[in-house]
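S.K.: First to last, the protein sequences are chains A and B.
According to the working numbering, the first sequence is numbered sequentially starting from 1.
According to the working numbering, the second sequence is numbered sequentially starting from 1.
Each residue gets a CB set at the ideal place from its N, CA and C atoms; glycine is no exception.
Let me give you the structure first, and then I'll get to my questions.
2 protein chains.
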Amino acid sequence: MKRFLVIGLGRFGMSLAETLYAEGAEVIAVDERADKVEEIKERVSHAVQLDGMDGEALKSVGANDVDAAIIAIGENLEASVVTTVILRELGLSEIIVRAYTEREKRILHLVGASRVIFIEQEMGRRLGKTYSGNAILDYIELTPTHSIVQWEVPKNLIDVSLGELNVTEKWGLNLFAIKKADGASKNFAWRKEQDRLIFNPDDAYCIEEGDVLILVGKNKELTRFTDQKK
Amino acid sequence: MKRFLVIGLGRFGMSLAETLYAEGAEVIAVDERADKVEEIKERVSHAVQLDGMDGEALKSVGANDVDAAIIAIGENLEASVVTTVILRELGLSEIIVRAYTEREKRILHLVGASRVIFIEQEMGRRLGKTYSGNAILDYIELTPTHSIVQWEVPKNLIDVSLGELNVTEKWGLNLFAIKKADGASKNFAWRKEQDRLIFNPDDAYCIEEGDVLILVGKNKELTRFTDQKK
Ligand SMILES: Nc1ncnc2c1ncn2[C@@H]1O[C@H](COP(=O)(O)OP(=O)(O)OP(=O)(O)O)[C@@H](O)[C@H]1O
Ligand SMILES: Nc1ncnc2c1ncn2[C@@H]1O[C@H](COP(=O)(O)OP(=O)(O)OP(=O)(O)O)[C@@H](O)[C@H]1O
Chain A
1 MKRFLVIGLG RFGMSLAETL YAEGAEVIAV DERADKVEEI KERVSHAVQL
51 DGMDGEALKS VGANDVDAAI IAIGENLEAS VVTTVILREL GLSEIIVRAY
101 TEREKRILHL VGASRVIFIE QEMGRRLGKT YSGNAILDYI ELTPTHSIVQ
151 WEVPKNLIDV SLGELNVTEK WGLNLFAIKK ADGASKNFAW RKEQDRLIFN
201 PDDAYCIEEG DVLILVGKNK ELTRFTDQKK
Chain B
1 MKRFLVIGLG RFGMSLAETL YAEGAEVIAV DERADKVEEI KERVSHAVQL
51 DGMDGEALKS VGANDVDAAI IAIGENLEAS VVTTVILREL GLSEIIVRAY
101 TEREKRILHL VGASRVIFIE QEMGRRLGKT YSGNAILDYI ELTPTHSIVQ
151 WEVPKNLIDV SLGELNVTEK WGLNLFAIKK ADGASKNFAW RKEQDRLIFN
201 PDDAYCIEEG DVLILVGKNK ELTRFTDQKK
């Protein structure tokens, strides 16, 4: 059972704390504002109003005993730095801190942060790749050269068989699975939730409207394929 | 060639605009601040200082001709609403707007935004799933019940063969590929960049330190497996 401390319950911190808890972790959520603490208390293990820079208060709620802490205070470098130092004094080694610039990152690492995250830049990169990617719904970078993408089939591919499409030999890609649209397909007897994914579909399978192909391969080849086929 | 308009070059907007351009799209990047425009101009097709609420100025830089616009203005609902309306007047239909609350989302949809995004909440959710997930480096949600995860092998699995691990029959998962750590493996002749991924590895393959397993399956089963195996 993993135990987390989240300091700062802005939109990011609150969403993070709730998600960790919903995923089965134990979560101590902390904010100096009473209204934030009140708002989240049913959705985490333990919500407490206190100042992240108050080492004694943190210790009293068991902060010294967590697997990792995430500092999600807003644009206040001093508070993030001091809180990092205090958590190090309490013996924590896994301290993830939200920051906004490269210089802040260097400073936080110097005072003991194990990881520094840039929320806005990260989302800009992710959405930039998604939107530029020709109906790519989501992508995961496997290596600097290879990715997995979820690609929505264009109208002109409906009724084309996988054998004709031939992603492997013609395009150098791996078709890992097909995700069916909700309630779709007259052809298969798999309309339940868990059957929406068809792993290793065979060459005779014919593409249907709303299908999402889960493709893997080199970034260049993925782009070339989705560019050609839109 | 996809063409985008990005209005607002804060950390999110700037990162988004640069990424779109780096991915091969044409990007018109707009901000009312000259320093932002100056900073990004080498990294997009066209950077212009102007007010997103100035319809004439937008038209003069070709804003009416883009495939999609992203409004990445900070916490200023009025500016986001007015800019959305102006873009609709210019004939755009794909207008993605950054917002911060559900009410703002409803308002923006009412005035014509096609998509509304919550950067902080989205990152909180993503990182919450990643951190709670037992050395899961990244995950992609395929359906509400199935995901793909990149999972770093724990020390106690080193030298275990895939046959012994038996993810498919014992755990109900699909091992889609193995990503090797940089410069790793004495056993294989594939140390070049593109060979870092082993697709459909066979049962005789023995796990090595730093390996990342790309696993797919039901969320419950992924959690159960990674929980057991850490
Ligand atoms: N020293 C501190 N101790 C505890 N909580 C703090 C401290 N300083 C700030 N906070 C809390 O951190 C939270 C996040 O800060 P703030 O709202 O300024 O950031 P934000 O950038 O708007 O957040 P987000 O972008 O995640 O919505 C606030 O709820 C605030 O009360
Ligand atoms: N009407 C407008 N027209 C053009 N640009 C605008 C307008 N209003 C604000 N901006 C620009 O939008 C950018 C983003 O706004 P701001 O910096 O307030 O948001 P932010 O929340 O700090 O951004 P981020 O979180 O992405 O760093 C700023 O560079 C600002 O100059």
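May I ask you to verify whether the region 165-183 of chain B touches the region 213-229 of chain B, counting CB pairs closer than 8 Å and requiring at least 3?
M.R.: Touching, per the Cβ criterion.
S.K.: At a Cβ threshold of 8 Å, is Phe188 (chain B) touching chain A?
M.R.: Only weak support is given to the placement of Phe188 (chain B): the predicted model assigns it a pLDDT of 44, under 50, and the question is left unresolved by the model.
S.K.: Check whether the Cβ of Ala204 (chain A) sits closer than 7 Å to any heavy atom of ligand 2, and report yes or no.
M.R.: Every heavy atom of ligand 2 is 7 Å or more from the Cβ of Ala204 (chain A), so no.
S.K.: Got a sec: is the Cβ-Cβ distance from Ser132 (chain B) to anything in chain A below 8 Å?
M.R.: For Ser132 (chain B), the answer is yes, since a Cβ of chain A falls inside 8 Å of its Cβ.
S.K.: Under 7 Å: does the beta carbon of Lys41 (chain A) sit that close to some heavy atom of ligand 1?
M.R.: Not under cutoff, so the answer is no.
S.K.: Taking Cβ-Cβ distances below 7 Å as the criterion, which residues of the region 24-52 of chain B are in contact with chain A?
M.R.: Residues passing the 7 Å Cβ filter: Gly24 and Ala25.
S.K.: From what residue to what residue does the beta strand (DSSP E) around Glu152 (chain B) run?
M.R.: Start and end: His146 to Glu152.
S.K.: Let me know if Gln228 (chain A) comes out buried or exposed under the rule of 16 or more other beta-carbons within 10 Å of its beta-carbon.
M.R.: By the 10 Å Cβ count, Gln228 (chain A) comes out exposed.
S.K.: Classify Phe118 (chain A): buried if its beta carbon has 16 or more other beta carbons within 10 angstroms, exposed otherwise.
M.R.: That one is buried.
S.K.: Any idea what DSSP makes of Asn174 (chain A), helix, strand or coil?
M.R.: Asn174 (chain A): strand per DSSP, three-state reduction.
S.K.: If I measure Cβ to Cβ from His46 (chain A) and keep anything under 6 Å in the same chain, skipping five residues before and after, which residues do I get?
M.R.: The residues are Ile28.
S.K.: Locate the alpha helix (DSSP H) running through Asp77 (chain B), then write down its first and last residues.
M.R.: In the sequence as displayed, the identity of residue 77 (chain B) is Leu instead of Asp. Leu77 (chain B) -> alpha helix (DSSP H) spans Leu77 to Glu89.
S.K.: Given Asn207 (chain B), which residues of its chain have a CB within under 7 Å of its CB, disregarding the five upstream and five downstream residues?
M.R.: Note that residue 207 (chain B) corresponds to Ile in the displayed sequence, not to Asn. Hits under 7 Å: Val153, Leu157, Ile158, Asp159 and Val160.
S.K.: Considering Cα atoms alone, identify which of A:Arg126, A:Gln121, A:Glu122 and A:Ala79 is closest to Val111 (chain A).
M.R.: The shortest Cα separation from Val111 (chain A) among A:Arg126, A:Gln121, A:Glu122 and A:Ala79 belongs to A:Ala79.
S.K.: Quick one: is Gly91 (chain A) buried, meaning 16 or more other Cβ sit within 10 Å of its Cβ, or exposed?
M.R.: Label assigned to Gly91 (chain A): exposed.
S.K.: Run the CB neighbour count on Asn187 (chain B), radius 10 Å, all protein chains shown included, and call it buried at 16 or more, exposed below.
M.R.: Here Asn187 (chain B) scores only 44 on pLDDT, less than 50, and its place in the model should not be relied on; the value that follows carries that caveat. Asn187 (chain B) should be labelled exposed.
S.K.: Verify whether the separation of the beta carbon atoms of Val48 (chain B) and Val30 (chain B) is less than 8 Å.
M.R.: Result yes, Cβ atoms of Val48 (chain B) and Val30 (chain B) sit closer than 8 Å.
S.K.: Taking buried to mean at least 16 other C-beta atoms within 10 Å of its own C-beta, is Arg191 (chain A) buried or exposed?
M.R.: With a pLDDT of only 40 at Arg191 (chain A), under the threshold of 50, the placement of this residue in the model should not be trusted; the figure read from the coordinates follows. Per the 10 Å Cβ criterion, exposed.
S.K.: Would the beta-carbon of Glu32 (chain A) fall within 8 Å of that of Leu50 (chain A)?
M.R.: Yes, Cβ-Cβ distance for Glu32 (chain A) and Leu50 (chain A) is below 8 Å.
S.K.: One question on the structure: do Lys2 (chain B) and Ser132 (chain A) come within less than 8 Å of each other, judged by their Cβ atoms?
M.R.: Taking 8 Å as the Cβ cut-off, Lys2 (chain B) and Ser132 (chain A) qualify as a contacting pair.
S.K.: Run through chain B and tell me which residues come within less than 8 Å of Gly172 (chain A), C-beta to C-beta.
M.R.: Those do not exist, as Gly172 (chain A) stays about 11 Å from chain B at its closest Cβ, beyond 8 Å.
S.K.: Taking only beta-carbon positions, decide if Gln121 (chain B) is within less than 8 Å of chain A.
M.R.: Closer than 8 Å to some Cβ of chain A, the Cβ of Gln121 (chain B) qualifies, so yes.
S.K.: Once you ignore the five residues that flank Gly55 (chain B) on each side, which residues in its own chain have a CB closer than 6 Å to its CB?
M.R.: Hits under 6 Å: Ile86.
S.K.: Would the beta-carbon of Val30 (chain B) be found less than 7 Å away from any heavy atom of ligand 2?
M.R.: For ligand 2, at least one heavy atom lies less than 7 Å from the Cβ of Val30 (chain B).
S.K.: Cβ atoms of Met123 (chain A) and Phe4 (chain B): under 8 Å apart, would you say?
M.R.: In this structure, Met123 (chain A) does not lie closer than 8 Å to Phe4 (chain B) by Cβ.
S.K.: Within 10 Å of its beta-carbon, does Ser15 (chain B) have 16 or more other beta-carbons around it, so buried, or fewer, so exposed?
M.R.: Ser15 (chain B) is buried by the Cβ-count criterion.
S.K.: For a test of your reading of the model: does the CB of Glu120 (chain A) fall under 7 Å from any non-hydrogen atom of ligand 2? Yes or no.
M.R.: Checking every heavy atom of ligand 2 against the Cβ of Glu120 (chain A), one is found closer than 7 Å.
S.K.: Could you name the residues of the region 138-152 of chain A whose beta carbon sits closer than 8 Å to any beta carbon of chain B, in the order they occur along the chain?
M.R.: The residues in question are Asp138, Tyr139, Ile140, Glu141, Leu142, Thr143, Pro144, Thr145, His146, Ile148 and Gln150.
S.K.: Nearest to Val116 (chain B) by alpha carbon, out of B:Val97, B:Leu173 and B:Glu221?
M.R.: Among B:Val97, B:Leu173 and B:Glu221, the Cα nearest to that of Val116 (chain B) belongs to B:Val97.
S.K.: Relative to the alpha-carbon of Pro144 (chain A), which residue among A:Arg196, A:Leu127, A:Thr168 and A:Lys220 has its alpha-carbon at the smallest distance?
M.R.: Ranking A:Arg196, A:Leu127, A:Thr168 and A:Lys220 by Cα distance to Pro144 (chain A) puts A:Lys220 first.
S.K.: So Ile7 (chain A) and Thr83 (chain A) are supposed to be a Cβ contact under 8 Å. How far apart are they, rounded?
M.R.: That pair is a contact at about 6 Å.
S.K.: Could you tell me if the beta carbon of Arg103 (chain A) falls within a distance shorter than 7 Å of some heavy atom in ligand 2?
M.R.: No, the Cβ of Arg103 (chain A) stays beyond 7 Å of every heavy atom of ligand 2.
S.K.: May I ask you to list, following chain order, the residues of the region 101-126 of chain B that have a beta carbon less than 9 Å from some beta carbon of chain A?
M.R.: Going along the region 101-126 of chain B in chain order, one finds Thr101, Ile117, Phe118, Ile119, Glu120, Gln121, Glu122, Met123, Gly124, Arg125 and Arg126 with a Cβ nearer than 9 Å to chain A.
S.K.: Counting only C-beta atoms, is Phe176 (chain A) closer than 8 Å to chain B at any point?
M.R.: Cβ-Cβ to chain B under 8 Å: yes for Phe176 (chain A).
S.K.: Can you find a CB in chain A that lies within less than 8 Å of the CB of Arg3 (chain B)?
M.R.: Answer no: the Cβ-Cβ gap between Arg3 (chain B) and chain A never drops below 8 Å.
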